[in-house]
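> Respectively, the protein sequence lines represent chains A and B.
Note that our numbering numbers the first sequence so that position 74 is 74, with each residue one more than the last.
Every number in our numbering is 1000 more than the matching position in the second sequence, counting from 1.
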Amino acid sequence: MLTMKGKYGLKALHYLSGIPQGTVAQSVEIAETYGMSKKFLDAILADLRNGGFVETRKGRSGGYRLAHRPEEIMVGHALRVLDGPLAPISCASRTAYARCSDCADEATCAVRLSMLEVREAIASVLDTKSLADMRSMVEAASLEQDEFLEIS
Amino acid sequence: MTHHIVIAGGGASGAIMAANLFRLGDGALRVTLVEASGEIGKGLAYSTTNPSHLFNVRSGQLSAFSGTPDHFDRWLAIHHPELTRNGPFVPRGIYSEYLEAALRETAPVGKLRILPQACVGMRELEHGVEVTLADGSSLPAHFAIVATGFGTKQEGEGLLSNPWTDPLPEDRDARVLIIGTGLTMVDTVLSLLDNGHRGRIVSVSRRGLLPQRHALHRPLQLSTADIPLGASLHYLCRWLTDLVRTHVASGGDWRDVMDGMRPHIQTVWKNLPTESRQRFLRHAASFWDVHRHRMPPAQAERIDAVLESGQLEIVKGRFLSAEQRGDRLFANVMRPGWDEPGPFKADVIYDCRGVRRRADQDLPGLAGALVESGAARLEKLGLGLEFDRNCALVNMHGEPSARIFGIGPVTLGTFWESIAVPDIREQARQIADRIASGGRSAARGSIARLP
């Protein structure tokens, strides 16, 4: 499930993938761009740092930057560090498993069996989508929007 | 069209490759196995004849064919029924016999040729591969496959004896030093004991870690969606130890987690950032190895007995060099907390440091020649040659070959988990499929094929 944390984390990574190479961004500018709480964002960035996806530079000119090139960071990989195993429902994961309170037999549960398939599909999409891919999706979408505005 | 395929190396990898080509091909192909010893299936792993040297996996995992997982067990029940009575861990020495049987079963008469020669080079041409041999002759082929194993030197280095090729000490009271504390050390100690050895055996490695033992367990069903791919080694290690802790707390066994990870290790390795791979090799690989590659219970019991009696001692220390004074050997070993190396006196020193290539070793044989000619390059960590995800050899410019492939331990650096039969037969299936379709890579992008 995509939590608020996962959503903000991906937005922060998207922001960092757009800053010039060799520079860093401060969390306050990311937080302002997306209207997030800075405190929450700092906690998210700490997790991403822990997972090895972002690096920090300390001091007055300090801030955050990506630990690898945007082509090398997969959205699904970062999301596992933010939200845990990719799973649309908590009983569909082995490692962050939680049984539904109203469940009689999970082995033959129709919803769970379907969601097990869904999680594989989620992984196959998000594990092949890099931050660079995400950036070009955004660019293509804004180009389309511009064209639409011009026509109308 | 009849394809001619040359396989360099006739150990288990080469033999499994050939058997899969015949089984999965269209029947029109010819295969030449180039193996200097002329013997099939007797590479580093399976040349031993000592019945105490067991497979470190159960017999149910040893079929040469992914599609027929009980192929080995059925052969075993017919040809060696007596071995199945001692549990699922059987002697390794019979594997070459099985592989020969698998080849007889799959290869049509006259289509398999075994060439007792060494392969020294491969050159990709427009419509094929020119394979050169040690005697200066060359073989034309449509496809070639590198199956040369770990590619470490077979001979003992200087004063160090090779546990697989050098004879056991005649003096049963000789003082033996073994460098390494892994499964090769275990096999060497068992050989010494079988030979009636009475003298002391000291085994030294940097961390002094002994392989764990096998036990009955139920592998955890993990999906790639559960595993933190692409994260740093630090994060991955913590995730894994947390998972083991919660699993054990709920009554499970740590082996369930290790074996649940087993099918995903190639994917984890592929997505592990380069600096994390380096850190893994430096700091974690020896811990990983002792949990991943375990001792069969029968071996573990004998090792426990000699550890208890004091005949075998495990010592922590880093081996630096060996020297000879008179007829005695001395090994210089840096022990933890010591300022300078202390000499270890021994009559024989066995080199059991394992099979992975070390950065200071040169790349011998075919692999070295391929790098020199530019047909291949070392992968980033220098563990071996670089291959693409479909086992195609990558040349000095980073381009995958359409005609030269690699299988088994030679692909270790690219896949990490490519040294055990289940992985090797899966590689063989992939390569055989690719060759059967004329060398084109399989369709990409379908959801089923993604990791």
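Glycine included, C-beta positions come from ideal geometry on N, C-alpha and C.
Since the structure is predicted, the reported quantities are computational estimates derived from the model, not experimental observations.
Can you look up Leu1450/B in the DSSP assignment and give me helix, strand or coil?
Taking the second sequence and counting its residues from 1, the one referred to as residue 1450/B is at position 450. Annotation note: pLDDT 36 at Leu1450/B (below 50); position unreliable, coordinate value reported separately. Looking at Leu1450/B - three-state DSSP - the assignment turns out to be coil, as it is neither helix nor strand.
> What residue from Leu1159/B, Val1129/B and Ala1231/B has the CA that sits closest to Asn50/A's CA?
In the first sequence, counting from the first residue as 1, residue 50/A sits at position 50. Of the listed residues, the one whose Cα sits closest to Asn50/A is Ala1231/B.
> Using the beta-carbon count (16 or more within 10 Å), is Val81/A buried or exposed?
The residue labelled residue 81/A in the question sits at position 81 within the first sequence. Note on Val81/A: 16 or more other CB atoms within 10 angstroms of its CB, so buried under the neighbour-count rule.
> Which chain B residues are close to Ser93/A, counting only those with a beta carbon under 9 Å from its beta carbon?
Taking the first sequence and counting its residues from 1, the one referred to as residue 93/A is at position 93. Those within 9 Å of Ser93/A in chain B are Ser1223, Ala1225 and Asp1226.
> Starting from the Cα of Val1333/B, find the closest Cα among Glu1426/B, Arg1213/B and Leu1177/B and give me that residue.
Here residue 1333/B is taken as the residue at index 333 of the second sequence, counted from 1. The shortest Cα separation from Val1333/B among Glu1426/B, Arg1213/B and Leu1177/B belongs to Leu1177/B.
> By the three-class DSSP mapping on this structure, what secondary structure does Met36/A have?
By 1-based counting over the first sequence, the position of residue 36/A is 36. Looking at Met36/A - three-state DSSP - the assignment turns out to be coil, as it is neither helix nor strand.
> Name the chain B residues whose beta carbon is nearer than 8 Å to that of Arg65/A?
In the first sequence, residue 65/A corresponds to position 65, counting from 1. Within chain B, no residue comes near Arg65/A; the closest Cβ sits about 15 Å away, beyond 8 Å.
> Give the list of continuous beta strand (DSSP E) stretches no shorter than 3 residues that lie fully inside the segment 1127 to 1189 of chain B.
1129 to 1133, 1138 to 1141, 1143 to 1146 and 1176 to 1179
> Find out if the Cβ-Cβ distance for the pair Ile1407/B, Met1122/B is shorter than 8 Å.
Within the second sequence, numbered from 1, the residue matching residue 1407/B stands at position 407. Within the second sequence, numbered from 1, the residue matching residue 1122/B stands at position 122. Against a cut-off of 8 Å, the Cβ pair of Met1122/B and Ile1407/B comes out as no contact.
> Just to check my reading of the structure: Leu86/A and Ile44/A have Cβ atoms closer than 8 Å, yes? What is that Cβ distance to the nearest angstrom?
Within the first sequence, residue 86/A is the residue found at index 86, counting from 1. Within the first sequence, residue 44/A is the residue found at index 44, counting from 1. Between Ile44/A and Leu86/A the Cβ distance is about 18 Å, and since that is not below 8 Å, they are no contact.
> Taking the alpha carbon of Ala1215/B as the point to measure from, which residue in Gln1324/B, Leu1044/B and His1293/B has its own alpha carbon closest?
Taking the second sequence and counting its residues from 1, one reaches residue 1215/B at position 215. When each option's Cα is compared against that of Ala1215/B, the closest is His1293/B.
> May I ask which residues mark the beginning and end of the beta strand (DSSP E) holding Arg1198/B?
Along the second sequence, one-based indexing puts residue 1198/B at 198. Segment: none, Arg1198/B is in no beta strand (DSSP E) and carries neither H nor E.
> Of the residues Val1186/B, Asp1347/B and Asn1162/B, which one's Cα is nearest the Cα of Gly1326/B?
As a working mapping, residue 1326/B is identified with position 326 in the second sequence. It is Asp1347/B whose Cα lies nearest to the Cα of Gly1326/B.
> In whole angstroms, give me the CA-to-CA distance for Thr1267/B and Pro1343/B.
Taking the first residue of the second sequence as position 1, residue 1267/B is located at position 267. Taking the first residue of the second sequence as position 1, residue 1343/B is located at position 343. If I take the Cα positions, the gap works out to 43 Å.
> With 9 Å as the limit, tell me which residues of the segment 46 to 73 of chain A have their beta carbon closer than that to any beta carbon of chain B; keep them in chain order.
Asn50, Gly51, Gly52, Phe53, Ala67, His68, Glu72 and Ile73
> Considering Val118/A, what are the terminal residues of the beta strand (DSSP E) in which it resides?
In the first sequence, counting from the first residue as 1, residue 118/A sits at position 118. Here Val118/A belongs to no beta strand (DSSP E); instead the alpha helix (DSSP H) covers Ala110 to Leu126.
> What three-state label does DSSP hand Arg1092/B in the structure shown?
For the purposes of this step, residue 1092/B is taken as residue 92 along the second sequence, with counting starting at 1. Correct three-state label for Arg1092/B: helix.
> Please list, in chain order, the chain A residues whose beta carbon lies closer than 7 Å to that of Ser1232/B.
Position 232 of the second sequence, counted from the start, is the residue given in the question as residue 1232/B. Against Ser1232/B, the close residues of chain A are Gly51 and Gly52, in the order they occur along the chain (beta-carbon pairs closer than 7 Å).
> Which first and last residues belong to the beta strand (DSSP E) in which Ile19/A is found?
By 1-based counting over the first sequence, the position of residue 19/A is 19. Where Ile19/A is concerned, there is no enclosing beta strand (DSSP E), given that its DSSP letter is neither H nor E.
> Quick check: what's the CA-CA separation for Tyr1098/B versus Arg1023/B?
In the second sequence, residue 1098/B corresponds to position 98, counting from 1. In the second sequence, residue 1023/B corresponds to position 23, counting from 1. Answer to the nearest angstrom: the Cα atoms are 16 Å apart.
> Would Arg1198/B and Asp1166/B qualify as a contact pair, given that the criterion is a beta-carbon distance under 8 Å?
Along the second sequence, read from residue 1 onward, the residue named residue 1198/B stands at position 198. Along the second sequence, read from residue 1 onward, the residue named residue 1166/B stands at position 166. In this structure, Asp1166/B does not lie closer than 8 Å to Arg1198/B by Cβ.
> By the DSSP assignment, the alpha helix (DSSP H) with Ile1265/B in it spans what residues?
Working through the second sequence from its first residue, we reach residue 1265/B at position 265. Counting along the chain, the alpha helix (DSSP H) containing Ile1265/B begins and ends at Ile1265 to Asn1271.
> How would you call Pro1116/B, buried or exposed, if buried means at least 16 neighbouring beta carbons within 10 angstroms?
Locating residue 1116/B in the second sequence gives position 116, where the first residue counts as 1. The residue is exposed, with fewer than 16 neighbouring Cβ atoms inside 10 Å.
> Quick one: which residues of the segment 1385 to 1408 of chain B get their C-beta closer than 8 Å to a C-beta of chain A? List them in chain order.
none
> Alpha carbon to alpha carbon, how far is Met36/A from Tyr97/A? Give it in angstroms, no decimals.
Mapped onto the first sequence, residue 97/A falls at position 97. Mapped onto the first sequence, residue 36/A falls at position 36. The alpha-carbon atoms of Tyr97/A and Met36/A are separated by roughly 30 Å.
> For Ala1008/B, which of helix, strand or coil comes out of DSSP?
Position 8 of the second sequence holds residue 1008/B. Annotated three-state conformation of Ala1008/B is strand, per DSSP.
> Per DSSP, Met1334/B is paired with what?
Locating residue 1334/B in the second sequence gives position 334, counting from the first residue. Answer is Arg1318/B.
> Listed in chain order, which residues of the segment 1271 to 1303 of chain B have Cβ atoms closer than 8 Å to some Cβ of chain A?
Asn1271, Pro1273 and Ser1276
> Exposed or buried, Arg1403/B, counting other C-beta atoms within 10 Å across all chains shown (16 or more means buried)?
Within the second sequence, the letter at position 403 stands for residue 1403/B. Per the 10 Å Cβ criterion, buried.
> I'd like to know whether the C-beta of Leu1243/B is nearer than 8 Å to at least one C-beta of chain A.
Here residue 1243/B refers to the residue found at position 243 when the second sequence is read from its first residue. Taking Cβ atoms only, chain A reaches closer than 8 Å to Leu1243/B, which makes this a yes.
> Using a Cβ-Cβ cutoff of less than 6 Å, which residues in the same chain neighbour Leu1190/B once the five nearest sequence positions on both sides are dropped?
Taking the first residue of the second sequence as 1, we reach residue 1190/B at position 190. Closer than 6 Å at the Cβ level, and outside the excluded window around Leu1190/B, lie Ser1052.
> What did DSSP end up calling Gly1445/B once you bin it into helix, strand or coil?
Along the second sequence, read from residue 1 onward, the residue named residue 1445/B stands at position 445. Here the model assigns Gly1445/B a pLDDT of 36, short of 50, so the residue's position is not dependable and the matter cannot be decided.
> Since Thr1181/B contacts Gly1208/B with CB under 8 Å, what's their CB separation in whole angstroms?
Translated into the one-based positions of the second sequence, residue 1181/B becomes position 181. Translated into the one-based positions of the second sequence, residue 1208/B becomes position 208. Sure, about 6 Å apart at Cβ, within 8 Å.
> Using a Cβ cut-off of 8 Å (strictly closer), state whether His77/A contacts chain B.
Here residue 77/A refers to the residue found at position 77 of the first sequence. Cβ-Cβ to chain B under 8 Å: yes for His77/A.
> Let me know the secondary structure DSSP gives Arg1206/B once reduced to three states.
Position 206 of the second sequence, counted from the first residue, corresponds to residue 1206/B. Correct three-state label for Arg1206/B: coil.
> In angstroms with no decimal places, state the Cα-to-Cα distance between Arg1277/B and Leu1383/B.
Translated into positions along the second sequence, residue 1277/B becomes position 277. Translated into positions along the second sequence, residue 1383/B becomes position 383. Looking at the two C-alpha atoms, the distance is approximately 11 Å.
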